[in-house]
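Participant: Here the sequence shown stands for residues -17 to -1, 1 to 623, where the numbers follow mature numbering (1 follows the signal peptide of the UniProt record, and there is no 0).
Submitted below is the structure of interest, expressed as structure tokens.
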Amino acid sequence: MAFLLLLLLSSLPSSLSSHPSVSATPKLLTKSNNTVHIEWSGVPSPSPLDWLGIYSPPDSPDDHFIGYLFLNSSPSWPSGAGAIHLPLSNLRSNYSFRIFRWTADEVNYRHHDHDHNPLPGTRHRLAVSGEVGFERAAGPDQIHLSFTDAEDEMRVMFVSGDGVESFVRYGLEEGRLDRLVGSEVRRYERKDMCDSPANSSLGWRDPGFIHDGVMKNLKKGKKYYYKVGSDARGWSDIRSFISRDSGSNETIAFLFGDMGTYTPYATFYRVQEESKSTVKWILRDIEALGDKPAFVSHIGDISYARGFSWIWDEFFNQIEPIASRVPYHVCIGNHEYDWPLQPWRPGWSYGAYGTDGGGECGVPYSLKFKMPGNSSLPTGTGAPHTQNLYYSFDAGVVHFLYISTETNFLKGSDQYNFIKADLESVDRNKTPFVVVQGHRPMYTTSNEVRDAPMRERMLEHLEPLLVQNNVTLALWGHVHRYERFCPLKNFSCVDTASELKAGGAPVHVVIGMAGQDWQSIWEPRSTHPDLPIFPQPERSMYRGGEFGYTRIVATREKLTLTYIGNHDGQMHDMVEIQSCHTFQDNGGKVFVEPTLLWYVEGAIVLMLGVFMGYALGYLTRCRRDAVQRATWTPVKSEET
Ligand SMILES: [Fe+2]
């Protein structure tokens, strides 16, 4: 026995016989994104596989880390000592940090993350730090705004750790927040999650309490100051927003899909590092607007938490700089909801619907946001209903309609009836432009085949509604690239400039390039099998495989959509659509014939687009060989 023990000890790394240590300071952080300094020493025979585990709550099992970093991210790691500086999000429970040795023969490729990198082993724990917490762990945190159904209101939501009665104080002067409203509180439980990892001990963490307050009787287009919290627990910093102005002759919005979350550590899924740039540039744009109202539109695949609860916390911390200033609007994507037993799962959708929601079944999405309208469907599990499915609002001169591609949209469904009634009731005198948004695209030239049966149904059931009701723009996500089509009707370009009586033909644009990568390539062409950009059918006017977002600026006369690249914050594509205000009285019904003088920049922009498309295709190919020289950050050409 003694011999066996000796043998066992001698087989362990030498580090176990020395005294490695790890410490984390300060012990108390003031607020999310404050940095903790983690230092270690005494690690003998350092190995590139030595790693730091990040834990919250601090007593989590060794293999239930929220994330990890290899010690060799510190330049001094070969000495056995080093430091890592890590910004932390307030997860409403303390953190601790542990150092492990992971040996090459313990690498298990069957226990891997989303990138097929093996997850680090926890067999040899070398040291454990003390705990790190937040001064006000109970919050309030994660402040975000949204429109309600009333023009003179603004909703603000935030999270607390204890659900204590909380309020919103607001007013027109920063030093005089003389109005007060309470907040409703709700939360969800582990049993409300429908599958793993969301309902497993690995993915579940307490999500806290979600507060929902509505500021009322706001004057139009004014700068309001506000803070959330309570005298008992403390208040947030004072924030401000510009209230809605239904009479405004200008509309500004920032729109994208599939953004996701950046975390300063590796975790069980690939995170979306580029999402940081998207938020950065949009914040720049919002700050440049001064006192003009604007809003953000994130059309599905929102945090990519996929059942790992703390990613939602990281996401809301990440967007807070923009979402606490302008309304942040969303629609549902596959990564919020997708689940094999979801209630609506027609036979043809087999293959389209899988396990992309990580067992969340839309519950965090439904409770963490509250969009206008009251669309709701049972989850089928007894959990809170799925909400925020379809709704609309006017913002200045544009009517925005959000739809759900994840639930029934076929003729006869509640959603179909809503879409039809909504589009038919738009007052084009008030809002000459109509923008429809949903997650999975009706049109794409990506070779993604999984959703083909869904696209067929969207074309059959929804495109006629878009065409008949003269929808200006149809924006989609899901494909992690930018692609702008001509004004389309049944796959054909409609020259609206010369066919005024042809009826509407929406310009479709895929805008899922805000952060998530991994995307199937464009259809290969036999003569250019190695170039992902080919072939580009006539209807596809511009394709970009780079990260970014879009910006709408609309006046009563013209709507301009621009594509901003994250690598430089500059415009890389643009379409301008004009309304000629040709009002006709058709039996008492006033409507506007849309004059889509598309591509006002005409041949210049068109040729620039085609050139850029070819150039980007070339660059994408080049980058595969020379990544280091690239200034763009390309998405990966791989299937999810
Ligand atoms: Fe998606």
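Backbone N, C-alpha and C fix where the C-beta goes; we use that ideal spot for every residue, glycine too.
Please read these numbers as outputs of a predicted model, since none were measured by experiment.
Out of curiosity, what's the CA-to-CA distance linking Trp85 and Phe53?
Facilitator: If I take the Cα positions, the gap works out to 10 Å.
Participant: Just tell me which of Val380, Val558, Ser179, Lys210 has its CA closest to the CA of Asp124.
Facilitator: If we check each option's Cα against that of Asp124, Lys210 comes out closest.
Participant: Please indicate yes or no: does the CB of Asp284 lie closer than 7 Å to some heavy atom of ligand 1?
Facilitator: Asp284: yes, Cβ under 7 Å from ligand 1.
Participant: To the nearest angstrom, how far is the alpha carbon of Leu11 from that of Phe299?
Facilitator: Taking the straight line joining both Cα atoms gives about 21 Å.
Participant: Could you give the distance in angstroms between the alpha-carbon of Gly552 and the alpha-carbon of Ile285?
Facilitator: About 21 Å.
Participant: Per the contact definition of three or more C-beta pairs closer than 8 Å, is the region 148 to 158 in contact with the region 242 to 257?
Facilitator: The region 242 to 257 vs the region 148 to 158: no contact.
Participant: For Thr8, count neighbouring C-beta atoms within 10 Å of its own C-beta (all shown protein chains included) and say buried if the count is 16 or more, exposed if not.
Facilitator: Exposed: under 16 other Cβ atoms inside 10 Å.
Participant: How many whole angstroms separate the CB atoms of Thr414 and Leu542, which I take to be in contact at a CB cut-off of 8 Å?
Facilitator: At roughly 11 Å, the Cβ-Cβ gap does not stay under 8 Å, so Thr414 and Leu542 are not in contact.
Participant: So, using beta-carbon positions, are Ser349 and Arg188 closer together than 8 Å?
Facilitator: Not closer than 8 Å, so no.
Participant: For Pro29, collect the residues of the same chain with a Cβ closer than 6 Å to its Cβ; drop the 5 residues on either side in sequence, then sort them by chain order.
Facilitator: Only Trp60, Pro61, Gly63 meet the Cβ criterion.
Participant: Nearest-angstrom Cα distance between Leu238 and Ile282?
Facilitator: Approximately 8 Å between the Cα atoms of the pair.
Participant: Who does Met140 pair with in a DSSP beta bridge?
Facilitator: According to DSSP, Met140 bridges with His127, Asp195.
Participant: What is the rounded straight-line gap between the Cα of Tyr252 and the Cα of Asn412?
Facilitator: Taking the straight line joining both Cα atoms gives about 47 Å.
Participant: What do you reckon, are the CB atoms on residue 631 and Pro3 nearer than 8 Å?
Facilitator: Given a span of -17 to 623 for the chain in the structure shown, any question on residue 631 remains unanswerable.
Participant: Under 7 Å: does the beta carbon of Asn317 sit that close to some heavy atom of ligand 1?
Facilitator: Yes, the beta carbon of Asn317 sits closer than 7 Å to at least one heavy atom of ligand 1.
Participant: Cα separation between Thr250 and Ser358?
Facilitator: Straight-line Cα distance between these residues: approximately 34 Å.
Participant: Counting pairs of Cβ atoms below 8 Å between the region 388 to 407 and the region 438 to 456, do you hit three or more?
Facilitator: Yes, since at least three Cβ pairs between the region 388 to 407 and the region 438 to 456 fall closer than 8 Å, the two stretches touch.
Participant: Can you determine whether any heavy atom of ligand 3 sits closer than 7 Å to the C-beta of Leu163, and answer yes or no?
Facilitator: Of the ligands one can find in the structure shown, namely ligand 1, none is ligand 3.
Participant: Could you pull the start and end residues of the alpha helix (DSSP H) that Val346 belongs to?
Facilitator: Run containing Val346: 346 to 351, per the alpha helix (DSSP H) assignment.
Participant: Inspect the CB distances between the region 70 to 88 and the region 108 to 119 and report whether three or more fall short of 8 Å.
Facilitator: Yes, since at least three Cβ pairs between the region 70 to 88 and the region 108 to 119 fall closer than 8 Å, the two stretches touch.
Participant: Could you pull out every residue in the same chain whose Cβ sits closer than 6 Å to the Cβ of Val536, ignoring the five residues on either side in sequence?
Facilitator: The residues are Ile235, Thr543.
Participant: Could you give the first and the last residue of the continuous alpha helix (DSSP H) run that contains Leu384?
Facilitator: Unbroken run through Leu384 is the beta strand (DSSP E), 381 to 385; no alpha helix (DSSP H).
Participant: Assuming Asn232 and Val409 make a contact with CB atoms under 8 Å, what is their CB distance in whole Å?
Facilitator: No, Asn232 and Val409 are not in contact; Cβ-Cβ is about 17 Å, not under 8 Å.
Participant: Within the continuous beta strand (DSSP E) that includes Asp556, where are the two ends?
Facilitator: Unbroken beta strand (DSSP E) run through Asp556: 554 to 561.
Participant: Which value, in whole angstroms, describes the spacing of the CA atoms of Trp23 and Trp264?
Facilitator: In a straight line, the C-alpha of Trp23 is about 36 Å away from that of Trp264.
Participant: Got a sec? Which residues, its chain only, sit under 6 Å from Ser307 by beta carbon, not counting five neighbours each side?
Facilitator: The answer, listed in chain order, is Ile126, Arg222.
Participant: Mind checking whether Ser229 and Glu134 have CB atoms under 8 Å apart?
Facilitator: Contact: yes.
Participant: Pick helix, strand or coil for Trp85, following the three-state DSSP scheme.
Facilitator: It is coil, neither helix nor strand.
Participant: Sorted by chain position, which residues of the same chain lie with C-beta nearer than 7 Å to Val139's C-beta, five sequence neighbours on each side aside?
Facilitator: So the qualifying residues of the chain are Ile126, Leu128, Val151, Gly196, Met198, Tyr209, Val211.
Participant: Is Gly460 close to ligand 1? I mean its beta-carbon at under 7 Å from any heavy atom of the ligand.
Facilitator: Gly460: yes, Cβ under 7 Å from ligand 1.
Participant: Please check the pair Val279 and Val309, which I expect to be a contact at CB under 8 Å, by giving their CB distance rounded to whole angstroms.
Facilitator: Between Val309 and Val279 the Cβ distance is about 6 Å, and since that is below 8 Å, they are a contact.
Participant: Which of helix, strand or coil does DSSP assign to Pro180?
Facilitator: Three-state DSSP puts Pro180 in coil, outside helix and strand.
Participant: On a Cα-Cα basis, can you pick out the residue from Gln561, Ala181, Ile21, Gly531 that is closest to His68?
Facilitator: It is Ile21.
Participant: Mapping DSSP to helix, strand and coil, what is Ser6?
Facilitator: Three-state DSSP puts Ser6 in a strand.
Participant: Where DSSP assigns a beta bridge to Arg152, which residues make up the other side?
Facilitator: Leu163, Lys210.
Participant: Between the Cα of Asp214 and the Cα atoms of Tyr287, Lys202, Arg438, Gly165, which residue gives the shortest distance?
Facilitator: Taking only the C-alpha atoms, the option nearest Asp214 is Gly165.
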